[in-house]
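S.K.:
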Amino acid sequence: MSDRLDHANGPPRVLLVEDNPANRMVAAKMLEKIGCDVTEALDGLEALDAVNRAAFDIILMDLRMPNMDGIAATQHIRAMGSPVADTPIIAITADLIDETIERCMQAGVDECIGKPFTLERLTKTVETWHGADRRNSGNAATIRIEGLSANLTGSLLERFGVDGVRKLLENFVAALDRQQTLLETPSPEAAKIDEATRELIGLATSFGMTALADVARGITIGLRNEKSDVLSASLLDMRQEIGIALEIARRGIADLSSRRDE
């Protein structure tokens, strides 16, 4: 079975910004495997030059780079005129914690994914953002998602549009389902728990679900420091928080799906 995505409007044009040669090669091969047209840049300055010379559907941006880092490059791109400023920017980082995610979002990043990422994770990210219009927010002022603050909902809709937020919620539900399945598996592999949990931290923070993000962080700390007491307590709390988050996310998807054609 082919891993390539079916893109009716042609292959996604992806600008890959990564200074580490090995990481850049792996990411480029993965993107090409799923059918993307990849342009490479070694730092933020090269990224700015690239977006001034060509149009891209998605920018995959490392954060820690020489000459100009990913945060600064994102801020420069967002300050440019449309359509360049509206290009979805995905940050890639090994430091997937609240502080980093908040800095990224304030700079104008659309989504953060942790390193190392899997082909499945990268595929879902490309599917979400290819063709997404950050400006198509619908009537954001009148849309509410029960369980999320009105300010947060409005901000997300202004940035990503109705379809973009719906897709983010669908990714969130998929991540929650994966974590729930792992928790119900006897003696799950620590590496799989860590990967699923790191993904949840970023998504939960994006939707303002701080309780879930805190519990997920407790799991990563327990795994990293091999603290069985911290890990056990966090896993118990995780089951409850997943149930709450799933209810909110599914309700949001249903509400936004009914507004897709507005």
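Its first residue numbered 171, the sequence shown is counted upward by one per residue in the numbering used here.
Yeah, the Cβ is synthetic: ideal placement off N, Cα and C, and Gly gets one too.
Is DSSP giving Val-184 helix, strand or coil here?
M.R.: Within the sequence shown, numbered from 1, the residue matching residue 184 stands at position 14. It is a strand residue.
S.K.: Measure from the alpha carbon of Leu-382 to the alpha carbon of each residue in Arg-394, Gln-349, Leu-393, then state which is nearest.
M.R.: Sequence index remark: in the sequence shown, residue 382 carries index 212 (1-based). Comparing Cα positions, the closest option is Gln-349.
S.K.: Let me know the secondary structure DSSP gives Thr-209 once reduced to three states.
M.R.: Start at 1 with the first residue of the sequence shown, and residue 209 comes out as number 39. Strand at Thr-209.
S.K.: Which residues in the same chain have their Cβ closer than 6 Å to the Cβ of Ala-419, if we skip the five residues on either side of it in sequence?
M.R.: Within the sequence shown, numbered from 1, the residue matching residue 419 stands at position 249. Closer than 6 Å at the Cβ level, and outside the excluded window around Ala-419, lie Leu-339, Phe-342, Val-343.
S.K.: Look at Leu-257 and Phe-287 and say whether their C-beta atoms are less than 8 Å apart.
M.R.: As a position in the sequence shown, residue 257 is number 87, starting the count at 1. As a position in the sequence shown, residue 287 is number 117, starting the count at 1. One detail in the question is off: residue 257 reads as Thr in this sequence, not Leu. For Thr-257 and Phe-287, no; Cβs fall outside 8 Å.
S.K.: Starting from Glu-297 and walking both ways along the alpha helix (DSSP H), at which residues does that stretch end?
M.R.: Translated into the one-based positions of the sequence shown, residue 297 becomes position 127. That run of the alpha helix (DSSP H) goes 289-299.
S.K.: Is the distance from the Cβ of Leu-370 to the Cβ of Ala-386 below 8 Å?
M.R.: Here residue 370 is taken as the residue at index 200 of the sequence shown, counted from 1. Here residue 386 is taken as the residue at index 216 of the sequence shown, counted from 1. It is a contact, given that the beta carbons lie within the stated cut-off.
S.K.: In chain order, what residues of the same chain lie with their CB nearer than 6 Å to the CB of Ser-307, ignoring the 5 residues before and after it?
M.R.: Locating residue 307 in the sequence shown gives position 137, counting from the first residue. Here Ser-307 scores only 43 on pLDDT, less than 50, and its place in the model should not be relied on; the value that follows carries that caveat. Only Leu-327, Glu-328, Gly-331 meet the Cβ criterion.
S.K.: Please state whether DSSP places Asp-232 in a helix, a strand or coil.
M.R.: Indexing the sequence shown from 1 puts residue 232 at position 62. The answer is strand: DSSP assigns Asp-232 an E or B state.
S.K.: Quick check: the Cα distance between Pro-191 and Leu-289, rounded to an integer number of angstroms?
M.R.: Counting from 1 along the sequence shown, the entry for residue 191 is found at position 21. Counting from 1 along the sequence shown, the entry for residue 289 is found at position 119. If I take the Cα positions, the gap works out to 18 Å.
S.K.: Considering only their Cβ atoms, is the gap separating Ile-229 from Gly-372 smaller than 8 Å?
M.R.: Position 202 of the sequence shown, counted from the start, is the residue given in the question as residue 372. Position 59 of the sequence shown, counted from the start, is the residue given in the question as residue 229. No, Cβ-Cβ distance for Gly-372 and Ile-229 is not below 8 Å.
S.K.: Does DSSP classify Glu-365 as helix, strand or coil?
M.R.: In the sequence shown, counting from the first residue as 1, residue 365 sits at position 195. Three-state DSSP puts Glu-365 in a helix.
S.K.: Is Glu-479 buried or exposed, if buried means 16 or more other CB atoms sit within 10 Å of its CB?
M.R.: The requested residue 479 is not part of the displayed model; the chain covers only 171 to 432.
S.K.: Tell me whether Asp-280 is buried or exposed, calling it buried when 16 or more other Cβ atoms sit within 10 Å of its Cβ.
M.R.: Locating residue 280 in the sequence shown gives position 110, counting from the first residue. Per the 10 Å Cβ criterion, buried.
S.K.: Check whether the Cβ atoms of Met-250 and Asp-213 lie closer than 8 Å to each other.
M.R.: Here residue 250 corresponds to residue number 80 of the sequence shown, with the count starting at 1. Here residue 213 corresponds to residue number 43 of the sequence shown, with the count starting at 1. Cβ distance not < 8 Å, so Met-250 and Asp-213 don't count as in contact.
S.K.: Counting C-beta neighbours from all protein chains within 10 Å, is the total for Ala-424 16 or more, i.e. buried, or is it exposed?
M.R.: Residue numbering aside, residue 424 sits at position 254 when the sequence shown is read from its first letter. Exposed.
S.K.: What are the start and end residues of the beta strand (DSSP E) that includes Thr-257?
M.R.: On the sequence shown, residue 257 is found 87 positions in, with the first residue counted as 1. No beta strand (DSSP E) contains Thr-257, which DSSP labels as neither H nor E.
S.K.: Going by C-alpha distance, which of Pro-182, Ala-220, Thr-375 is nearest Leu-322?
M.R.: Within the sequence shown, the letter at position 152 stands for residue 322. Closest by alpha carbon: Thr-375.
S.K.: Buried or exposed for Ala-264, please, with buried defined as at least 16 other CB atoms from any protein chain shown within 10 angstroms of its CB.
M.R.: Counting from one through the sequence shown, the residue named residue 264 turns up at place 94. With fewer than 16 other Cβ atoms within 10 Å, it is exposed.
S.K.: Output the residue ranges of the beta strand (DSSP E) runs that lie fully inside the stretch 380-426 and measure 3 residues or longer, sorted by chain position.
M.R.: Those beta strand (DSSP E) runs which fall completely within the stretch 380-426 and span 3+ residues do not exist here.
S.K.: Starting from the C-beta of Ala-220, find all residues in its chain whose C-beta is less than 7 Å away, skip the five residues before and the five after it, and write them out in chain order.
M.R.: Numbered from 1 along the sequence shown, position 50 holds the residue referred to as residue 220. Only Leu-185, Thr-209, Ala-211 meet the Cβ criterion.
S.K.: When DSSP labels each residue in this structure, what does Glu-281 get in the three-state scheme?
M.R.: Translated into the one-based positions of the sequence shown, residue 281 becomes position 111. Note: Glu-281 maps to strand in three-state DSSP.
S.K.: Classify Gly-413 as buried or exposed, calling it buried when 16 or more other Cβ atoms lie within 10 Å of its own Cβ.
M.R.: Locating residue 413 in the sequence shown gives position 243, counting from the first residue. Its Cβ having fewer than 16 others within 10 Å, Gly-413 is exposed.
S.K.: Might you give, ordered along the chain, the residues of its own chain that have their beta carbon closer than 8 Å to the beta carbon of Leu-233, omitting 5 neighbours on each side?
M.R.: Taking the first residue of the sequence shown as 1, we reach residue 233 at position 63. Correct list, in chain order: Asp-239, Gly-240, Ile-241, Ala-261, Ile-262, Thr-263, Asp-265, Thr-270, Cys-274.
S.K.: Identify whether Leu-353 lies in helix, strand or coil by the three-state DSSP scheme.
M.R.: Here the question's residue 353 lines up with position 183 in the sequence shown. If DSSP states are grouped into helix, strand and coil, Leu-353 belongs with the helices.
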